[in-house]
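Each residue of the sequence shown is one higher than the last, beginning at 315 in the numbering used here.
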Amino acid sequence: MSRTHDTVFTAPAEDPAHSRRYGRRVISVTSVTALLTGLNTSGLDVALPGIIRHFQASAAQAGWIVLSYLLAGTVLLLVWGRLADLFGRRRLYLTGVAVFAAASVCCALAPDTRFLILGRILQGVGSSAIVANTTALLADSFPPERLPRALGVNATLISATQAAGPLLGGAVTNLWGWSGIFWVSGATGLVALGRAAHILRPDRNSGPSERFDLAGALLSVLFLGGGALALTESGPRGWTSGTVVLSATVSLAAFLVFPLVQSRRRYPLLDSWLFRDRRRTMALLATFLTATSYFSVVLVMSLYLQTLEHLDALSAGFQVMLMAVGSMLTSPLAGHLSTRCPARTLASAGTATSALGIALLALALGPPAPAGLTGLGLFLTGAGAGLFGVPNTDALLSLVPAYRRGIANGVRSLLQNAGYLISTVLTLTLVTGHGQSGEGRGTTPSALDLNGSPEALAGRYQTALVALFCLCLAATAASLLRGSGLPPEPPPARTAPPDRPGPGKSARTEGTE
């Protein structure tokens, strides 16, 4: 069966960047950076107790050691994606790896928590440049018929790092202490930088000459940063605190001004053209909802297994690892099937599978629950995420030209990371009864104020899972609503403002870059 979503914007067949050998080498580069970023997310959770003991850190400081990395990475994804389109993906990718490696060394040498949090912010800056360019680099390196399999391999490697992250982080911490995580990240970053500089081919000036929208970038940072800060601080400080009110006000004002500024820019940061096709819009919406629905499943189940089932951290880690195993197994399958099945069908089947898995987990928390139901639910949740990611990303990138892949992937990564953040805060609010976002992810369960009878606590966990289940159903609906139809309208030529095209404008067409 042929693919039903047309690959409208393709590179010439003779393009050397589409060689099989070069594509494999690009995957080898992205796999190293996947390990690099994966170790600093799931692996850091294991090292965090040692960091807390070393610095005598408060719960709020411990929370910001984790959240600062995620916030910085989320806020700058859109900016990095746009800069990559203008100045070249290789250049921005190498910059991101270099910043990440240098920041990791700074974290390892941190004399106090403030310096460590600053280092984590810089790590997030570098990570966002890596994430915003990885998928676009793969899309530039493979022809359309081979791209889904390449994305599947990349997704499998990412899932493998998520599964191995806690185990690797624990081993490194036991050998060299909490700073070992950052020393390993710094050394791995240097290896990744040298390999990427050697393998990645120089950027080609394939797109039109445009200017960077500085005003749009500043407004996007204020909107995303202010909103994220208000969301994360609303729990420990309350919605009426000065910090939260000011952050929310700045975010709202930037949100209202942003579209007005963009409509008057000849070269906007976020071109509204990206949302003029229903398939692109629904693919992006499904990305956000899927990320919001499944990201905190590991957090909920880790807390449940340790607080109510009284498992130790290692035993609980082995159980929740089933979710990453499910994603690791289905990602390459999704890459294979994406060349034969419509993206709408395969991606929607993935979100539906995740919804089934989350429903089984909610049932497993209520007595009596059959043995093995928890493991099955975790596996299906991860398997569904693996089935969704590859066809959804492939469908999105196939509907944009090469010189718009950076911003398209930047928007996709932004929505995905925003989903991660909202998922974490929402889950902590439902589980604890108050959004202790600063004391949540990465801390031990005793750091959470989980008062109440076992039945009441189980009810909170079930409530959180039901909320995630509803979000997963919404993701399925968004994926189904993408539909199919005529080839998407090419982006307007940048010889005149988008809303007032000049006479004789010529849009880029199929087979051109």
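Here a beta-carbon is modelled for each residue, glycine too, at the ideal position from N, C-alpha and C.
Among residues of its own chain, excluding the 5 on either side of residue i, which ones have a beta-carbon nearer than 7 Å to its beta-carbon?
i, result
"Arg334", "none"
"Gln375", "Thr427"
"Val439", "Ala386, Leu390, Val413"
"Val634", "Val612, Met615, Ser616, Leu692"
"Ala371", "Ile365, Thr427"
"Ser652", "Pro462, Leu660, Val704, Pro705, Asp708"
"Arg551", "Thr557, Val558"
So the candidates are the options; which of them puts its Cα closest to the Cα of residue i?
i, options, result
"Gly649", "Gln633, Phe401, Phe702", "Phe702"
"Pro855", "Arg579, Leu408, Asp708", "Residue 855 lies beyond the range of the chain shown here (315 to 827); nothing can be said about it."
"Gly433", "Asn354, Val445, Val467, Ala485", "Asn354"
"Leu735", "Leu771, Leu543, Tyr618", "Leu543"
"Leu588", "Leu742, Ala630, Leu690, Ile721", "Ile721"
"Leu350", "Leu742, Gly503, Gln633, Val745", "Gly503"
"Thr621", "Pro768, Met637, Ala669", "Pro768"
"Thr388", "Ser607, Ala443, Phe429", "Ala443"
"Asp454", "Pro516, Cys421, Val486", "Pro516"
"Val745", "Leu782, Tyr407, Pro715", "Leu782"
"Tyr383", "Ala506, Leu694, Leu795, Ala732", "Ala732"
"Leu545", "Ser441, Ala529, Val559, Gly337", "Val559"
"Val714", "Ser586, Phe537, Val346", "Ser586"
"Ala788", "Ala510, Ala663, Glu623", "Ala663"
"His368", "Ala422, Arg404, Gly402, Tyr407", "Ala422"
"Arg592", "Val498, Gly483, Ser793", "Ser793"
"Leu636", "Gly686, Gly483, Leu574", "Gly686"
"Ala501", "Arg525, Cys420, Leu538, Leu570", "Cys420"
"Leu465", "Thr644, Phe632, Glu623", "Thr644"
Between residue i and the rest of its own chain, which residues show a CB-CB distance below 6 Å, the 5 nearest in sequence each way excluded?
i, result
"Trp378", "Ile431"
"Ile513", "Arg339, Val343"
"Leu679", "Ala772, Tyr775, Gln776"
"Val393", "Ala531"
"Gly540", "Ser561, Val564, Ser565"
"Ala666", "Thr790"
"Arg396", "Leu583, Ile721"
"Arg658", "Arg796"
"Val445", "Ser727"
"Thr688", "Ala678"
"Ile435", "Ser382, Ala386"
"Gly640", "Phe693, Gly696, Ala697"
Using the rule of at least 16 other Cβ atoms within 10 Å of the residue's Cβ for burial, across every protein chain shown, is residue i buried or exposed?
i, result
"Phe414", "buried"
"Pro881", "Residue 881 is absent from the model: the chain starts at 315 and stops at 827."
"Phe609", "buried"
"Ile366", "buried"
"Thr409", "buried"
"Gln576", "buried"
"Gln730", "buried"
"Glu547", "buried"
"Thr557", "exposed"
"Leu489", "exposed"
"Arg654", "exposed"
"Phe496", "buried"
"Ser629", "exposed"
"Leu528", "exposed"
"Arg525", "exposed"
"Phe456", "buried"
"Gly770", "Before going further, note that residue 770 is Ala rather than Gly in the sequence given. Ala770 comes out exposed."
"Arg578", "exposed"
"Gly402", "buried"
Measuring CB to CB, does residue i end up less than 8 Å from residue j?
i, j, result
"Asn706", "Ala597", "yes"
"Trp553", "Gly364", "no"
"Ala699", "Thr604", "yes"
"Leu785", "Thr606", "yes"
"Met642", "Ala485", "no"
"Thr738", "Ala778", "no"
"Val780", "Ala669", "no"
"Val467", "Ile672", "no"
"Pro646", "Thr449", "no"
"Phe572", "Leu625", "no"
"Ser441", "Ser499", "no"
"Phe602", "Ala568", "no"
If you drop the 5 nearest sequence neighbours on each side, which residues of the same chain put their C-beta closer than 8 Å to that of residue i?
i, result
"Leu461", "Leu452, Ala453, Asp708, Leu711, Ser712"
"Ala506", "Val343, Val346, Thr347, Leu350, Val411, Ala415"
"Tyr407", "Ala398, Ala443, Ile444, Asn447, Thr448, Leu451, Ala510, Leu514"
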